[in-house]
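See structure below.
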Amino acid sequence: MAVNIIKDRNSSSVLEVKLGATKEEGGSRSHTITVGGDSALPFNHFEGEFPNRPIVAMEVQDMVPKWNDILKKEFEDVWGDPAEWAQKCVEEYGADAIYLKLEGAHPDEKDNSIDHCVDVVKSILDAIGVPLIIYGCEVEEKDNELMPAIAEATAGENLLLGVAEQENYKTITAACMVHKHNLVARSPLDINICKQLNILITEMNLPANKIVIDPAIGALGYGIEYAYSILERARIGALQGDKMMSMPIICTVGEEAWKTKEANASVDEYPGWGETATRGILWEAVTATSLLHSGAHILLMRHPKAVSVVKKEIDKLMKPNSF
Amino acid sequence: MLIIGERINGMFNDIKKAIQEKDPKPVQEWAKRQEEGGAAYLDINVGPGAADRVAAMKWLVEVAQEASDLPLCLDSTDFTAIEEGLKLCKKPAIINSTSADRDKVEVAFPMAVKYNASIIGLTMDKKGIPKDSDTRLSFAMELVAAADEFGLPMENLIIDPLILPCNVAQDHAPEVLKTLHQIKMLSDPAPKTVLGLSNVSQNCDNRPLINRTFLTMAMACGLDMAIADANDDALMEAAATAEILLNQNIYCDSYVKLFRERHQK
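Note that the protein sequences, when read in sequence, are chains A and B.
Numbering that gives the first Met the number 0 numbers the first residue of the first sequence as 0 and each following residue consecutively.
Numbering that gives the first Met the number 0 numbers the first residue of the second sequence as 0 and each following residue consecutively.
Structure below.
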């Protein structure tokens, strides 16, 4: 007897957000990338459409980062120059996009000037053709000057800029509106604040399809189950027609995975845990794939091997199942 | 909760006069006002006094759609008037309504299927409104069976278990609530449910209080839609809040505002 597959029918879908702009569109990217558009729970191809693949953006910083030796080995030849670093990620490691974290602008780090940061951004745009995602240093006062300057210097590129938060969203939202960029709206693993922030931003007239949700995920073992439930609930809301929960999701996978104890502790310390190198890479890859399964669209990652594993997983997940 | 705005009805003097004088202004004003209030549908009823019901329905449908993009709920006992109205509807409409009488069901259900419309089925027949929940439910079951028979998708069947004024028939409200709860168990997917809410408070003092209290009670029992006053702010706020408390919607601080704007363009 044939098994009758019970299918959910959804009235709505995740919004599509387009990243980047080509020369014809007023930017300088070699191509654009669209994320979102899913009309079913993650990869339930038999219940809906998945017009766009999830993407992996590799992290680059405007300073030599304080990363551990496993990451250092991959990037130390280029990380003195953010443009070369970005180029390596795209050309050697197949990054779909570049995620520039302006950590060096942090007053407690290098306190890089706004002009310096703008120059870094421009040099990366010159070096690569893929769309660019840029986060500030996450110090309110600095970012409120830094991000508008970057938005203005890159007007027309249709970048993805972050982050807007409930207590500080107006400046960056206005900058994205005026200079036509997309915006990351971040909420602290809280679905109610997430929805409210999206409302506040759209009330300033930034269209909903220019917003990407950063739910401030935790890594495997560090609260990923909370992230999983929030992503799942947001997706169900989106599919039921809740427009303020319908934006694609971005996750800071690399940053969270590589700060865990498991990604850093030495073999001497925990002989039963296996090689440090393999452990960190697996930690990042498993964090990323778990989030894919719960509905993430943009993964911000660090280690090329983890990226490669996750991209293969995405290939498999994007194959329609045969129900 | 979907509110079907009740105000474009020939029972109201301004609408009655507008129909007689072919003055679109009052109709269009109410269409816009109800949309702003948070209505998801506009009820269109030519009223008891219209000389030519078909012509009046066609005119109201056209005039209302010029002012608002909301879908319509065509409210008449005259199926010819409803069908002529359906032909002019730009969006899938609701037929309001048919009883469970076989002769009416045989006309109304195929019409709903033909025009991709939903249909409100009343849990009554020629003998009138039943007193108890069990009889209401047996009519509901007949309507569910009719949907299956005529090929109407179950989500396009909206069952109205019929509420009576609480100062006349106080014993009916608990029966209606019980029926609402049980209608949801009749099939999977279950049919939708609706009430002509304002009827519960006919000729009572403090009607808004009675209306909104009963609305939230009925929502907890499975009410999906109500034909109601979309410009009663307290009612709309109560509906928005009940949605949150029933976990039908993700909470955010602006949930009331969002409820109101949900169906606006």
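Virtual Cβ for every residue (Gly too), placed ideally from N, Cα, C.
Grab me the residues of tyrosine 98/A's own chain with a C-beta within less than 6 angstroms of its C-beta, minus the 5 sequence neighbours each way, in chain order. Ala56, Glu58, Ile132, Leu299
May I ask you to verify whether the region 30-40 of chain A touches the region 141-150 of chain A, counting CB pairs closer than 8 angstroms and requiring at least 3? no
CA nearest to the CA of glycine 19/A, picked from Leu124/A, Trp282/A, Lys304/A, Ala284/A: Leu124/A
Residues bridged to cysteine 250/A [DSSP beta-bridge criterion]: Leu298/A
Beta carbon proximity, aspartate 189/A to chain B, threshold 8 angstroms: no
Completely contained beta strand (DSSP E) runs for the region 116-144 of chain A, where each covers 3 or more residues: 131-134
Reference leucine 179/B, options Cys220/B, Pro173/B, Val167/B, closest by Cα: Cys220/B
Inspect the CB distances between the region 1-18 of chain B and the region 27-35 of chain B and report whether three or more fall short of 8 angstroms. yes
DSSP three-state call for glycine 120/B: helix, strand or coil? strand
Spatially closest choice to leucine 156/B from Asp170/B, Ile162/B, Met140/B, Cys165/B, by CA coordinates: Met140/B
Residues within the region 167-182 of chain A neighbouring chain B, beta-carbon criterion of under 9 angstroms: none
Where the region 238-251 of chain B meets chain A: residues whose CB sits under 8 angstroms from a CB there: Asn248, Ile249, Tyr250, Cys251
Determine, for serine 253/B, whether the minimum Cβ-Cβ distance to residues of chain A falls below 8 angstroms. yes
When the cut-off is 8 angstroms and only beta carbons count, does lysine 6/A lie next to chain B? no
Would you call the region 259-276 of chain A and the region 230-246 of chain A touching, i.e. three or more CB-CB distances under 8 angstroms? no
I think serine 293/A touches tyrosine 227/A, with their Cβ atoms under 8 angstroms apart; what is that distance to the nearest whole Å? 4 angstroms
Short CB-CB distance (under 8 angstroms) between tyrosine 234/B and chain A: Tyrosine is not the amino acid found at residue 234/B; the sequence shown has leucine there. No - not a single Cβ of chain A is within 8 angstroms of the one on leucine 234/B.
Distance, Cα to Cα, glycine 271/A vs valine 306/A? 26 angstroms
Of all the options Glu102/A, Ile113/A, His115/A, which has the alpha carbon lying nearest to the alpha carbon of glutamate 137/A? Glu102/A
Assuming asparagine 67/A is part of the beta strand (DSSP E), what are its boundary residues? Counting along the chain, asparagine 67/A falls outside any beta strand (DSSP E), and DSSP gives it neither H nor E.
At least 3 beta-carbon pairs within less than 8 angstroms: the region 74-85 of chain B vs the region 232-242 of chain B: no
Does any residue of chain B have a CB that is nearer than 8 angstroms to the CB of methionine 203/A? no
Cutoff 8 angstroms: isoleucine 198/A Cβ touching any chain B Cβ: yes
What's the call for aspartate 267/A, buried or exposed, on a 16-neighbour Cβ count within 10 Å? exposed
Throw me the rounded Cβ distance for the methionine 56/B and leucine 41/B pair, which I believe falls under 8 angstroms. The Cβ separation is near 13 angstroms, so there is no contact.
Taking the alpha-carbon of lysine 209/A as reference, which of Thr153/A, Tyr225/A, Leu160/A has the nearest alpha-carbon? Leu160/A
Less than 8 angstroms separating the beta-carbons of asparagine 340/A and tyrosine 250/B? The question about residue 340/A has no answer, for chain A in this structure spans 0 to 322.
List the whole-angstrom C-beta distance separating asparagine 166/B from cysteine 203/B, where the pair is believed to meet the contact cut-off of C-beta under 8 angstroms. 5 angstroms
Is the shortest distance between the beta-carbon of leucine 257/B and the beta-carbons of chain A less than 8 angstroms? yes
Kindly say whether glycine 294/A, judged by its beta-carbon, lies nearer than 8 angstroms to any beta-carbon of chain B. no
Given glycine 253/A as reference, the closest of Asp114/A, Trp78/A, His105/A, Gly217/A once Cα atoms are compared: Gly217/A
On the DSSP letters alone, give me the boundaries of the alpha helix (DSSP H) that glutamine 60/A sits inside. Counting along the chain, glutamine 60/A falls outside any alpha helix (DSSP H), though it belongs to the beta strand (DSSP E) covering 54-60.
Since proline 41/A and arginine 234/A should fall inside the 8 angstroms C-beta cutoff, what is the C-beta to C-beta distance between them, to a whole number of angstroms? 7 angstroms
Since methionine 244/A meets chain B, which of its residues come closer than 7 angstroms, beta carbon to beta carbon? Ile249
In this structure, how does DSSP classify glutamate 96/B when only helix, strand and coil are distinguished? Here residue 96/B is serine; the residue named in the question, glutamate, does not match the sequence. In this structure, serine 96/B counts as strand in the three-state DSSP scheme.
Boundaries of the beta strand (DSSP E) in which cysteine 72/B is found, first to last residue: 71-74
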